[in-house]
Structure formats: C-alpha cells, structure tokens
Amino acid sequence: MSRVFSILLIVLGGYYLIQKRYRVMNTILRNPLIRKYAVRVLLSVPSIKRMMMNSVFGRSQNTIYQ
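The sequence shown maps to residues 29 to 94 in our numbering.
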C-alpha cells in the first residue's frame with residue numbers, strides 16, 4: 029500500500045510541475061548562483077551554444093553585406 033501511495037504522489041507531483049513549469053523555473057532561477065550554473069551547463073552543450081551564438085552574432089539572410 030505504501031508503494032502505491034508513493035507512486036501516486038510522484039505522478040501528482042510530476043503533473044503539478046508540468047502544469048506550473050514556468051513558475052517553478054522562474055522561482056528556481058531567481059537565485060543568481062543557480063542561474064549562473066544553469067547558463068554554464070547549457071552553454072557547455074555544443075549544439076545549444078552554436079544555436080545561441082548564431083542567433084546573437086549570426087548574419088541575417090536579408091543583409092546587403094554578404
């Protein structure tokens with residue numbers, strides 16, 4: 029019975045986190061140390077880093093100077 033109860037709590041907790049994911053993420057990332065660590069981890073993934081750098085520093089296809 030205890031195992032069923034714990035599985036039920038995990039499922040309900042997961043459902044709540046999915047429903048309130050942006051609020052939870054904003055609450056967690058409010059802490060500067062956690063935010064700095066999260067950015068460092070995300071930018072250590074090569075494909076994410078490449079996508080971010082192209083988005084920030086990449087040239088647009090509509091520019092005159094190509």
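For glycine and all other residues, C-beta sits at the position ideal for the given N, C-alpha and C.
Note that this is a predicted model, so its numbers are computed, not measured.
Quiz item: Between the C-alpha atoms of PRO74 and MET29, what's the straight-line distance to the nearest angstrom?
Solution: 46 Å
Quiz prompt | N- and C-terminal bounds of the alpha helix (DSSP H) containing MET29 | solution = Run containing MET29: none; DSSP gives neither H nor E here.
Quiz prompt | Run of the alpha helix (DSSP H) containing ASN82, from where it starts to where it stops | solution = 74 to 85
Practice problem: Report, in whole angstroms, the separation of the C-beta atoms of ILE76 and LEU70, which I expect to be a contact under 8 Å. | Solution: 5 Å
Quiz item: If you draw a straight line from the alpha carbon of ILE46 to that of LEU40, how long is it in whole angstroms?
Solution: 10 Å
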